[in-house]
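Heads up: the structure comes next, in structure tokens.
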Amino acid sequence: MVAFALSSTLEVEAEDELELSGAWKLSLLSELRIGTVGVVESLDLPGEIQHHLMHMGFVPEARIHVVRRAPAGDPTVYSIDGFEVALRRETAKGIRVREYEAK
């Protein structure tokens with residue numbers, strides 16, 4: 007409720023502070039463009055699927071490269087830990103990532 011009561015000037019200042027502090031905007035793995043690299047933040051999937059993906063390397067701080075999409079747009083092939091995995095859009099929507107910036 008307090009955030010809605012702030013004036014637009016304060017909102018801009020708050021956004022600037024977030025950018026300067028290095029805060030990341032989280033997105034879904036399914037939203038990343040081909041050729042982008044993301045870093046896994048969290049998985050929000052049914053238990054069995056989540057455990058299976060974690061065993062394949064989908065763990066927090068793992069880097070994922072979006073390799074290619076099927077001609078119809080689903081599934082998408084991701085590269086993680088040296089191998090490629092094809093995930094359907096519905097599964098990729100359950101994985102939160104942040105875009106990776108090389109330092």
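First residue of the sequence shown? That's 7 in my numbering, and the numbers climb one at a time after it.
Quick reminder that beta carbons are idealized off the backbone N, C-alpha and C, glycines included.
Give me, in chain order, the residues of the same chain whose beta-carbon lies closer than 8 Å to that of residue i; leave out the 5 immediate sequence neighbours on both sides.
{"i": "Leu51", "result": "Leu59, Thr97, Gly100 and Ile101"}
{"i": "Leu32", "result": "Glu47, Arg102, Val103 and Arg104"}
{"i": "Asp87", "result": "Met62, Gly63 and Ala68"}
{"i": "Asp80", "result": "Arg94 and Arg95"}
{"i": "Leu49", "result": "Gln56, Leu59, Met60, Phe64, Gly100, Ile101 and Arg102"}
Is the distance from the Cβ of residue i to the Cβ of residue j below 8 Å?
{"i": "Arg69", "j": "Val43", "result": "yes"}
{"i": "Arg75", "j": "Ile40", "result": "yes"}
Can you find the residues in the same chain that come closer than 6 Å, C-beta to C-beta, to residue i, ignoring five residues on each side of it along the sequence?
{"i": "Leu38", "result": "Gly44 and Val72"}
{"i": "Gly28", "result": "Low confidence applies to Gly28: its pLDDT is 45, below 50, so where it sits in the model is not reliable, and the reading given next is rough at best. Closer than 6 Å at the Cβ level, and outside the excluded window around Gly28, lies no residue."}
{"i": "Leu35", "result": "Ala98, Ile101 and Val103"}
{"i": "Pro66", "result": "Val46"}
For residue i, list the residues DSSP reports as bridge partners.
{"i": "Ala92", "result": "Val83"}
{"i": "Ile101", "result": "Leu49"}
{"i": "Ser36", "result": "Looking at the DSSP assignment, Ser36 forms no beta bridge with any residue, so it has no partner."}
With a cut-off of 8 Å, does the C-beta of residue i fall near any C-beta of chain B?
{"i": "Glu37", "result": "Absent here is chain B; the protein component of the structure consists of one chain."}
Please classify residue i as buried or exposed, where buried requires at least 16 neighbouring CB atoms within 10 angstroms.
{"i": "Phe89", "result": "exposed"}
Please list, in chain order, all residues of the same chain as residue i whose beta carbon is under 7 Å from its beta carbon, the five residues on each side excluded.
{"i": "Glu54", "result": "none"}
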